[in-house]
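Undergrad: Handing you a structure now.
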Amino acid sequence: MKLKAKKLGEILLARGLVTEADLEKALVEQKQTKAFLGQILLRRGVIKKQDLGEALEDQLGVPSVELSELKIPAEMASYLPENIVRSYRAVPFQVEDNVLSVAMADPLNVTAIESMRLVTGMQVRSYFAPEEDVVLTMNQIFDGRIAAYKAIEDTTSMQQDEESNGMSVRELERMVEDAPVVRLVDSIIQGAVTGKASDIHVEPREQGVRVRYRVDGILYNMMQIPKRLQPAVTSRIKIMAGMNIAERRIPQDGRISVKANGGDFDLRVSTLLTVFGEKVVMRILDKSSVLLDLDDLGFLPEQERIVESLIEKPYGMFLCTGPTGSGKTTALYTALNRINSEDRNIVTVEDPVEYQLAGINQSQVQVAAGITFARGLRAILRQDPDVVMVGEIRDLETAEIAVQAALTGHLVFSSLHTNDASSALPRLLDMGVEPFLIASSVIAVIGQRLVRVVCRNCKTMYTPDPKVLDELGIPKGEREGIKFARGEGCQVCSERGYRGRTGVFEILRMSDRIKRLVMEGKSALEIRDAAVEEGMILMKDCGLQKVLDGTTSPEEVMRVIYVEDGQD
Numbered sequence: 095m096k097l098k099a100k101k102l103g104e105i106l107l108a109r110g111l112v113t114e115a116d117l118e119k120a121l122v123e124q125k126q127t128k129a130f131l132g133q134i135l136l137r138r139g140v141i142k143k144q145d146l147g148e149a150l151e152d153q154l155g156v157p158s159v160e161l162s163e164l165k166i167p168a169e170m171a172s173y174l175p176e177n178i179v180r181s182y183r184a185v186p187f188q189v190e191d192n193v194l195s196v197a198m199a200d201p202l203n204v205t206a207i208e209s210m211r212l213v214t215g216m217q218v219r220s221y222f223a224p225e226e227d228v229v230l231t232m233n234q235i236f237d238g239r240i241a242a243y244k245a246i247e248d249t250t251s252m253q254q255d256e257e258s259n260g261m262s263v264r265e266l267e268r269m270v271e272d273a274p275v276v277r278l279v280d281s282i283i284q285g286a287v288t289g290k291a292s293d294i295h296v297e298p299r300e301q302g303v304r305v306r307y308r309v310d311g312i313l314y315n316m317m318q319i320p321k322r323l324q325p326a327v328t329s330r331i332k333i334m335a336g337m338n339i340a341e342r343r344i345p346q347d348g349r350i351s352v353k354a355n356g357g358d359f360d361l362r363v364s365t366l367l368t369v370f371g372e373k374v375v376m377r378i379l380d381k382s383s384v385l386l387d388l389d390d391l392g393f394l395p396e397q398e399r400i401v402e403s404l405i406e407k408p409y410g411m412f413l414c415t416g417p418t419g420s421g422k423t424t425a426l427y428t429a430l431n432r433i434n435s436e437d438r439n440i441v442t443v444e445d446p447v448e449y450q451l452a453g454i455n456q457s458q459v460q461v462a463a464g465i466t467f468a469r470g471l472r473a474i475l476r477q478d479p480d481v482v483m484v485g486e487i488r489d490l491e492t493a494e495i496a497v498q499a500a501l502t503g504h505l506v507f508s509s510l511h512t513n514d515a516s517s518a519l520p521r522l523l524d525m526g527v528e529p530f531l532i533a534s535s536v537i538a539v540i541g542q543r544l545v546r547v548v549c550r551n552c553k554t555m556y557t558p559d560p561k562v563l564d565e566l567g568i569p570k571g572e573r574e575g576i577k578f579a580r581g582e583g584c585q586v587c588s589e590r591g592y593r594g595r596t597g598v599f600e601i602l603r604m605s606d607r608i609k610r611l612v613m614e615g616k617s618a619l620e621i622r623d624a625a626v627e628e629g630m631i632l633m634k635d636c637g638l639q640k641v642l643d644g645t646t647s648p649e650e651v652m653r654v655i656y657v658e659d660g661q662d
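Okay, so the sequence shown: first residue is 95 according to my numbering, each after it adds one.
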């Protein structure tokens with residue numbers, strides 16, 4: 095297939111669909127990830143699916159197809175093996191006159207087309223479809239829950255014991271080697287990965303085993319497993335994670351590496367004994383996850399400018415705060431990636447190393463070997479670093495070493511578990527760090543949360559109730575013409591109305607006034623009020639802006655910020 099000389103970016107620019115700035119940011123991401131430029135622009139919301147399809151047809155002569163408008167017969171799943179469909183992001187949707195029509199995220203992948211021709215014995219006609227649509231369709235064709243329930247059906251001849259306490263290790267090992275159990279556990283993991291879940295919960299109940307996925311911060315019930323399979327499922331996961339299946343009383347931690355959806359994933363596994371048996375939680379980490387740019391995190395434009403200036407400082411301590419799961423690690427990684435260059439030695443100590451960053455020296459806490467955050471940080475400071483990242487400041491020893499590093503010419507990034515930015519400074523004081531050291535070392539603190547984004551595919555605008563506007567604190571004189579967004583629920587978002595998450599932030603900069611308040615031991619509320627007077631945008635105001643621009647809903651902002659944070 096002959097390609098035209100004109101590039102996709104040039105076509106989109108000529109049609110006025112992208113700006114030079116949009117294209118430049120997308121090209122930078124493409125260099126890092128090797129992803130398709132059109133998919134990057136689509137994911138960023140710069141262009142629409144129809145725009146990309148028409149541009150590609152103009153550029154390459156490849157027709158596009160709208161998968162959401164097709165009714166794909168169930169027998170289509172039998173034409174291509176699931177591993178080929180997932181590896182090549184290729185969904186068969188029609189067969190006619192010995193020609194298999196396939197929707198592909200990369201319709202010019204000659205290797206994929208040839209592989210499909212050899213497998214099917216048919217000619218293959220490729221069509222373009224956005225990767226998001228292809229993944230959604232193949233997940234519907236190869237539904238993980240269908241595979242899981244089929245595996246459960248195939249276990250009817252297995253031992254009917256409801257408790258594993260009386261089973262020997264040999265009996266457990268024999269159970270977990272059964273093909274249906276292997277398929278069942280694989281289906282649970284595959285379903286979570288394809289559904290973009292962050293965690294899998296396998297929870298024993300009195301009458302069965304409940305499986306839940308955490309998607310965009312919310313837990314959803316996915317399936318119920320018979321009680322008789324509890325020992326086999328739990329033991330299968332423990333064997334995969336390198337745990338001791340004979341030990342069922344004390345908590346254990348392990349790790350599983352899997353390949354799914356064409357990517358590499360790490361699962362951090364934890365077990366806990368409950369009254370109905372061992373509960374298993376698996377945290378899913380995408381090792382090939384795309385590193386975000388600062389403007390992808392969700393900063394308001396004025397906040398992004400502040401962060402860009404702060405992370406270029408030659409020394410000082412930069413802190414991210416928020417509860418577990420608020421995106422602190424992602425924010426720190428994004429900042430490190432932004433300043434990563436060949437003339438800087440960047441070293442981290444983390445627990446655990448969640449994502450591997452090219453060009454950055456990452457080390458991991460090993461408590462069993464005596465390597466704590468404090469000890470690891472001491473070792474880092476003997477490695478001639480320019481920039482240091484400490485995954486979390488948990489105690490006085492770590493805090494003092496981090497402060498000293500910041501005072502001796504190093505730029506230090508770290509995180510704290512506090513509710514907001516202003517609470518971080520009193521927290522360091524409570525740990526025992528001297529006030530003058532905090533005032534001299536800390537350059538800024540970011541407080542953050544994650545809110546769900548209204549699904550773009552089913553977004554509708556509506557006029558809000560005056561009571562909601564009162565709760566959001568919008569003055570009556572500024573309410574005319576206000577419209578809010580909500581998701582009606584569709585296939586793309588699994589009828590949830592939301593798809594993906596974005597951050598809401600507040601950035602506290604260490605001005606002379608804030609330093610004086612820290613030296614005087616003032617409260618977090620006094621520090622916050624002073625920072626607001628100096629121009630700090632609170633998280634609730636950042637969230638309100640995202641409601642007004644249609645990114646999220648007022649219910650979501652109130653759920654995440656007002657309820658958790660208790661801000662007025």
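Built from N, CA and C at the ideal position, the CB exists for glycine as well.
Out of S364, L379, L174, which one is the CA nearest neighbour of E372?
TA: S364
Undergrad: Contact defined as beta carbons within less than 8 Å: I believe V279 pairs with V327. What is the distance between those atoms, to the nearest angstrom?
TA: Contact holds; Cβ gap of about 6 Å.
Undergrad: Judging by CA-CA distance, which residue of L212, D387, S329 is the nearest neighbour of A340?
TA: S329
Undergrad: I'd like the span of the alpha helix (DSSP H) that includes A286, first residue to last.
TA: 273 to 288
Undergrad: According to the Cβ coordinates, are S509 and L413 closer than 9 Å?
TA: yes
Undergrad: Is E574 helix, strand or coil by DSSP?
TA: coil
Undergrad: So, helix, strand or coil for D347, using DSSP?
TA: The three-state secondary structure of D347, taken from DSSP, is strand.
Undergrad: Candidates G581, G615, I621: which alpha carbon is nearest V641's?
TA: G581
Undergrad: If you reduce the DSSP assignment to three classes, tell me which class D310 lands in.
TA: Three-state result, D310: coil.
Undergrad: Check whether the segment 613 to 620 and the segment 497 to 508 touch, using three or more Cβ-Cβ pairs below 8 Å as the test.
TA: no
Undergrad: Of the residues L121, Q639, T492, E486, which one's Cα is nearest the Cα of T418?
TA: Among L121, Q639, T492, E486, the Cα nearest to that of T418 belongs to E486.
Undergrad: So if DSSP puts A538 in a beta bridge, which residue, or which two residues, is it bridged to?
TA: Note: A538 sits in a beta bridge opposite F412, R603.
Undergrad: What did DSSP end up calling Q458 once you bin it into helix, strand or coil?
TA: strand
Undergrad: Per the DSSP calculation, F359 is bridged to which residue(s)?
TA: V352, D380
Undergrad: From which residue to which residue does the alpha helix (DSSP H) around L426 run?
TA: 422 to 433
Undergrad: Considering just the uninterrupted stretch of the alpha helix (DSSP H) at D145, what are its terminal residues?
TA: 143 to 154
Undergrad: Nearest to E190 by alpha carbon, out of Y173, R304, V484?
TA: Y173
Undergrad: At which residue ranges does the segment 161 to 240 contain complete beta strand (DSSP E) runs of 3 or more residues, listed in the order of the chain?
TA: Qualifying beta strand (DSSP E) stretches, in chain order: 184 to 190, 193 to 198, 217 to 222.
Undergrad: Tell me whether the beta-carbon of E160 lies closer than 9 Å to the beta-carbon of G139.
TA: Taking 9 Å as the Cβ cut-off, E160 and G139 do not qualify as a contacting pair.
Undergrad: Please classify Y449: does DSSP put it in a helix, a strand, or coil?
TA: DSSP, reduced to helix, strand and coil, places Y449 outside both helices and strands of the structure shown, so it counts as coil.
Undergrad: Helix, strand or coil for R546 per DSSP?
TA: strand
Undergrad: Going by DSSP in three states, S487 sits in which element: helix, strand or coil?
TA: The amino acid occupying residue 487 in the given sequence is Ile; Ser does not appear at that position. Coil at I487, not helix or strand.
Undergrad: Buried or exposed: where does M555 fall if 16 or more other Cβ atoms within 10 Å of its Cβ makes it buried?
TA: exposed
Undergrad: Whose CA, out of V586, K561, R476, lies closest to the CA of R573?
TA: The shortest Cα separation from R573 among V586, K561, R476 belongs to K561.
Undergrad: Contact between the segment 596 to 607 and the segment 543 to 554: three or more CB pairs below 8 Å?
TA: Flag = yes, the segment 596 to 607 and the segment 543 to 554 touch.
Undergrad: Just to check my reading of the structure: Q458 and E444 have Cβ atoms closer than 8 Å, yes? What is that Cβ distance to the nearest angstrom?
TA: Q458 to E444, Cβ: 6 Å. Contact.
Undergrad: By how many angstroms is the C-alpha of I568 removed from the C-alpha of P648?
TA: 12 Å
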